[in-house]
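*Asks:* The numbering of the first sequence is numbering that gives the first Met the number 0, which starts it at 0 and goes up by one.
Note that the Cβ used here is the ideal one computed from N, Cα and C, for glycine as well.
These numbers were taken from a predicted model, which means no experiment stands behind them.
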Amino acid sequence: MTETLPPRPIRGATADLPPKWNPGEVEAGMYRRWVENGYFTADPDSGKPPYSIVIPPPNVTGSLHLGHAMDHTLIDILTRRRRMQGYDALWLPGMDHAGIATQSVVERRLAEAGEPGRRELGRVEFVRRVWEWKAESGGSILGQMTRLGDGVDWSRERFTLDEGLSRAVGTVFKRMFDDGLIYRAERLVNWSPELQSAISDIEVDHKEVEGELVSMLYGDGEDAIVVATTRVETMLGDTAVAVHPDDERYAHLVGKTIRMPITGRDIPVISDPYVDPEFGSGAVKITPAHDPNDFEMGRRHDLPMPTIMDEAGVIAGTGTRFDGMDRFEARVAIREELAAQGRIVAEKRPYLHSIGHDSRTGVPIEPRLSLQWFVRVESLAKASGDAVRSGATTIHPAEMESRFFDWVDNMHDWCISRQLWWGHRIPVWYGPNGEMVCVGPDEEPPTGEGWRQDEDVLDTWFSSGLWPFSTLGWPDKTPDLERYYPNSVLVTGYDILFFWVVRMMMFGIYAMGEAPFRDVYLHGLIRDEHGKKMSKSKGNVIDPLELIDAYGADALRFTIARGSNPGTDMSLSHEWVAGSRNFTTKLWNATRFAMANGASPALPLPAVEDLTDADRWILGRLREVREQTDALLEDFQFAKATEGLYHFTWDELCDWYLELAKPQFDDPATADGTRAVLGHALDALLRMLHPITPFVTEALWTTLTGGETVVTAAWPGEDTGLPVDAGVVARVEAAQKLITEVRRFRTEQGLPDRRSVAARLVGLDAAGLEAHGAAVRFLTRLDRAGDDFAPTATVDVTVAGGKVHVELDTSGAIDVAAERARLGRDLAAAQKELDQADKKLTNPKFTEKAPANVVDGIRGRREAAVAEIERVSGRLAALPAS
RNA sequence: GGGCGCGUAGCUCAGCGGGAGAGCACUCGGUUUACACCCGAGCGGUCGUAGGUUCGAUCCCUACCGCGCCCA
């Protein structure tokens, strides 16, 4: 039994690492060096396998928020790891021109500056001003990305409105136009009176609102008929009243006309099976130009479709006194007018119903009949669904697939024209004689009298839908395109699955003949500390830059990675990030301590038989952790991978191995081996942590190894650490249990850590722990028994290899009550275990039907419980009466 | 109205057929020669409710209650 405990030398701090990690002082310079050294620059000629991810392009108007931080952290983890694994990794950055958002910003600035507005300036001058704004104030997010440490290839930065991408947009438009997949039609579209533009279905949010349901009387005398509406003002555009064909009540009216109040128009009563005879009076007013259902009915019955509002939602062209009134104003005024005429027969208020709202401005949508451009989506959507069904593209987590399928299987044609100026102008020219010509990007538009280009621009999502290949040079066959398409992975929030992912799938398959990415990882949203959505109005928005300033970029990244379970939202607060900062500090101090003791991966690892159990245990755990980390990251399980590294670092490497290493450093027989083991373990650990926490690992790893950078260091391979040896694990866990039990005794006896306690360890050899005596004594602060040793207490610990008696001289009477309480808890726990085991084992059905290994397991637990009860009972009986 | 998901320790979340876990918070002790952004020990849960399947259910099924999201 080895029980030597020589005095330990005072060790100084290493000169290479400052005592404290100061991310704010180091990060910017470190990032600059990475970029300048070209670590993030992809190289198609490298001969390495390619790995590519394109950034979800942030709006040019945007600044970094936690949603971006989420995307970027996860993408950076994936690409940094692949780069270390020897891939030619490309993370391509860029921005979206964000049509509506950007145009709004510039218009607002013009107004604030008292300058002429958009219309006064005219299209050319206004667009020039937007570019000017972009050059001065746009893209601040790019600088903010460097704060996070994003390993993007800045040499390949793109913008959706730059020359190359505009050419891609024009090429796709022309091709789809020629293929009949883009068409122009007069349709009822979602019109935003605020934006004064059409928007697509997906940009409409349906919200329950409290409105009113007003029942009005149309016609007179026997021909009178009651209809109900929530939008009274639309009566100005009614061109029919419809009833169900089988509805006896109105059979006599079908085919006749009735006179409308206010407008005095005569409109027909028609029959259509679409009408629900159970709803209201069974008769409905038909306003084809302002309601989607009515529009369909109008088409079926060839009804006139008068538009009664202008682009801003103001009543216009009705020839009534209501012209010039806002739609909501008119709603009230017309109702009052009808009431005065005695034509209001019922009013239900509040009446809860669903209304579409412009998702950007929040104003209620006004369905409006207008001439717009559409993408015929059916074949494209089907192909997108098939790409996922066939496994060409895999969506993670799989639960999100059903949402994707529901969407692509029921998709409506996509309205792509916007009545804005900032964006890709529709490349169609109209001739003086009704000609319509779609002009490709490399073609000359028709010239001559009377030719003019379409005024509208394309939906922003049209150009972002091309992003996975337009950014790589398409339509040219560039080396980048050849190599990096399809992209390896797409990482984005599930909230833009339909907006963006589906469009990229459609365009990618159409233009490239192949889905744009092999894997789609959809992450959740970041919420506040109580799981509430962050919003300006709630005042619970956290600025990622503020977090970086306070805790360092690594802490923010670590927090995000640790919270990112697939498909689920995460809560984030300062406390969480502070906890991650503590982790980086822990890592810093551990490495500093190791280096101060001469740890280095350059030292040769001794042969297995020359290593201590602790050495072999930590190297075995290192191997397991590396395997687990790889498996989890391959499966996009960021939270679990990060959590695993956290616990390995803190609980195993720091709390156990570093403590066990202290006595090993003091023993010349083990000191060198310990330095090598610690050096190897930290080297591998820092490399595994680098994708998550790039800055602190760069500082530590370069110092520890003398290497140039960890960014391009090799990812730990299968030979990391050592194979796990069950015997080693059992012995180390036994020692840990012994140590914990003695500490527990000391704590409950109120024996301060400093208080020297003489003790004798009996049975270490029999338990196979003869080599662990020094460590047990060191970590429990037990001194060797002297000649005058007079034990006053005993702690018995049952471990895998046997039973260890620790006899202690506590220099006086022990606290019997505390000891009785401690043993009492142990006894109760053992008794509960025994009861549970007996309950199962006395049930013949259990022993018959349960698998043998389960039954054996329970038997083993029962035996252990019996032994524990015997031990604890004995200790209790031996205690003096209190 | 249709669909999806969630209700597990005070808070935020893992676990998802055979011994209830983590982080934070909390309690007690500690100026130990890496770290108080720390160390050690501990407290804390009839796993939403009610049925069912099973030898056995936090885990599977059904219903209900509560919450969230998507679509119409």
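Keeping to the same chain, check which residues put their C-beta closer than 6 Å to that of K839; ignore five residues upstream and five downstream.
*Replies:* Correct list, in chain order: F845 and I857.
*Asks:* Taking 6 Å as the limit between beta carbons, can you name the residues of its chain near Q84, skipping five residues before and five after?
*Replies:* Around Q84: W714.
*Asks:* When you compare each of G297, R230 and E295 to R348 by their alpha carbons, which one comes out closest?
*Replies:* Closest by alpha carbon: R230.
*Asks:* Round the Cβ separation of L370 and R122 to the nearest angstrom and send it over; I've been treating them as touching at under 8 Å.
*Replies:* Actually they are not in contact, since the Cβ atoms of L370 and R122 sit about 19 Å apart, beyond 8 Å.
*Asks:* Would M435 be called buried (16 or more neighbouring beta carbons within 10 Å of its own) or exposed?
*Replies:* Counting Cβ neighbours within 10 Å, M435 comes out exposed, since fewer than 16 surround it.
*Asks:* With respect to the alpha helix (DSSP H) encompassing R388, which residues constitute its N-terminal and C-terminal limits?
*Replies:* Here the alpha helix (DSSP H) through R388 covers E377 to R388.
*Asks:* Beta-carbon within less than 6 Å of W421's beta-carbon, same chain only, minus the 5 sequence neighbours each way: which residues are those?
*Replies:* If we look at W421 and ignore the five residues flanking it on each side, its Cβ neighbours are G98, T101, Q102 and V129.
*Asks:* Which whole runs of the alpha helix (DSSP H) in the region 266 to 332 are 4 residues long or more, in chain order?
*Replies:* Complete alpha helix (DSSP H) runs here, min 4: 291 to 300.
*Asks:* Any idea if G384 is buried or exposed, counting beta-carbon neighbours within 10 angstroms, 16 or more meaning buried?
*Replies:* Classification of G384: buried, given that the 10 Å Cβ count is 16 or more.
*Asks:* Counting only the same chain and skipping the five closest in sequence on each side, list residues whose C-beta sits under 8 Å from that of T583.
*Replies:* Correct list, in chain order: W20, P22, G551, D553, A554, F557, T692 and V695.
*Asks:* Count the other CB atoms, across all protein chains shown, that sit within 10 Å of the CB of D237; report buried if there are 16 or more and exposed otherwise.
*Replies:* Buried is the call here.
*Asks:* Can we say the region 64 to 78 touches the region 477 to 484, given the rule of at least three CB pairs closer than 8 Å?
*Replies:* No, because fewer than three Cβ pairs between the region 64 to 78 and the region 477 to 484 fall closer than 8 Å, the two stretches do not touch.
*Asks:* Do R783 and A757 have their CB atoms nearer than 8 Å?
*Replies:* Yes, they are a contact pair.
*Asks:* Grouping DSSP H, G and I as helix and E and B as strand, with all else coil, what is P363?
*Replies:* Strand.
*Asks:* So the beta strand (DSSP E) L160 belongs to, where does it begin and stop?
*Replies:* It is not in any beta strand (DSSP E) - L160 carries neither H nor E in the DSSP assignment.
*Asks:* From this set, T711, R561 and K661, which residue's C-alpha is nearest H646's C-alpha?
*Replies:* Closest by alpha carbon: R561.
*Asks:* From the DSSP output, in three-state form, read off Y484 for me.
*Replies:* Y484: coil per DSSP, three-state reduction.
*Asks:* Return the residue from the list T78, D219, I617 and W132 that minimises the CA-CA distance to D149.
*Replies:* Of the candidates T78, D219, I617 and W132, the one whose C-alpha sits nearest the C-alpha of D149 is T78.
*Asks:* Taking the alpha-carbon of G720 as reference, which of P43, L677, W413 and L760 has the nearest alpha-carbon?
*Replies:* Nearest C-alpha to G720: L677.
*Asks:* Go ahead and pull the three-state DSSP assignment for E193.
*Replies:* If DSSP states are grouped into helix, strand and coil, E193 belongs with coil.
*Asks:* With DSSP as the reference, label H884 as helix, strand or coil.
*Replies:* This structure cannot speak to residue 884, because the chain is shown only from 0 to 881.
*Asks:* Figure out for me which residue from D548, E658 and L109 has the closest Cα to the Cα of R780.
*Replies:* The residue with the shortest Cα to Cα distance from R780 is E658.
*Asks:* Please confirm if the region 410 to 418 is in contact with the region 527 to 545, defined as three or more CB-CB distances below 8 Å between the two stretches.
*Replies:* These segments do not touch.
*Asks:* Taking a contact to mean a Cβ-Cβ separation below 8 Å, would you say Q748 touches T809 in this structure?
*Replies:* The answer is yes: Cβ separation under 8 Å.
*Asks:* How many angstroms separate the CA atom of G279 from the CA atom of G449?
*Replies:* Their Cα atoms are separated by approximately 53 Å.
*Asks:* So what's L875 in DSSP terms, helix, strand or just coil?
*Replies:* Looking at L875 - three-state DSSP - the assignment turns out to be helix.
*Asks:* Only counting the same chain, and skipping five residues up and downstream in sequence, which positions put a Cβ closer than 6 Å to that of S214?
*Replies:* Counting only Cβ-Cβ distances below 6 Å, and skipping sequence neighbours, we find V225, A227, V344 and A345.
*Asks:* One question on the structure: do V268 and L252 come within less than 8 Å of each other, judged by their Cβ atoms?
*Replies:* Contact flag set, yes.
*Asks:* Leaving out five residues before and five after A88 in sequence, what residues of the same chain have Cβ atoms less than 6 Å from its Cβ?
*Replies:* For A88, where only same-chain residues beyond five positions count, the Cβ hits under 6 Å are Y50, T78, R81 and R82.
*Asks:* When burial is assigned at 16 or more other CB atoms within 10 Å of the CB, is Y86 buried or exposed?
*Replies:* So Y86 counts as buried.
*Asks:* Since F403 and I201 are thought to touch, with beta carbons under 8 Å apart, how far apart are those beta carbons, to the nearest angstrom?
*Replies:* Not a contact, Cβ separation roughly 14 Å.
*Asks:* For Q748, which of helix, strand or coil comes out of DSSP?
*Replies:* The answer is coil: DSSP assigns Q748 none of H, G, I, E or B.
*Asks:* Please look up how many angstroms separate the CB atoms of T262 and T317, rounded, as I've assumed it's under 8 Å.
*Replies:* That pair is a contact at about 7 Å.
*Asks:* By alpha-carbon positions, which one of P440, R424 and Q452 ends up nearest to G430?
*Replies:* The shortest C-alpha separation from G430 is found at Q452.
*Asks:* Determine whether the beta carbon atoms of V500 and V488 lie at a separation below 8 Å.
*Replies:* Not in contact: V500 and V488 (Cβ atoms no closer than 8 Å).
*Asks:* Expressed to the nearest angstrom, what Euclidean distance is found between the alpha-carbon atoms of L878 and V815?
*Replies:* Using only the alpha carbons, I get a separation of about 7 Å.
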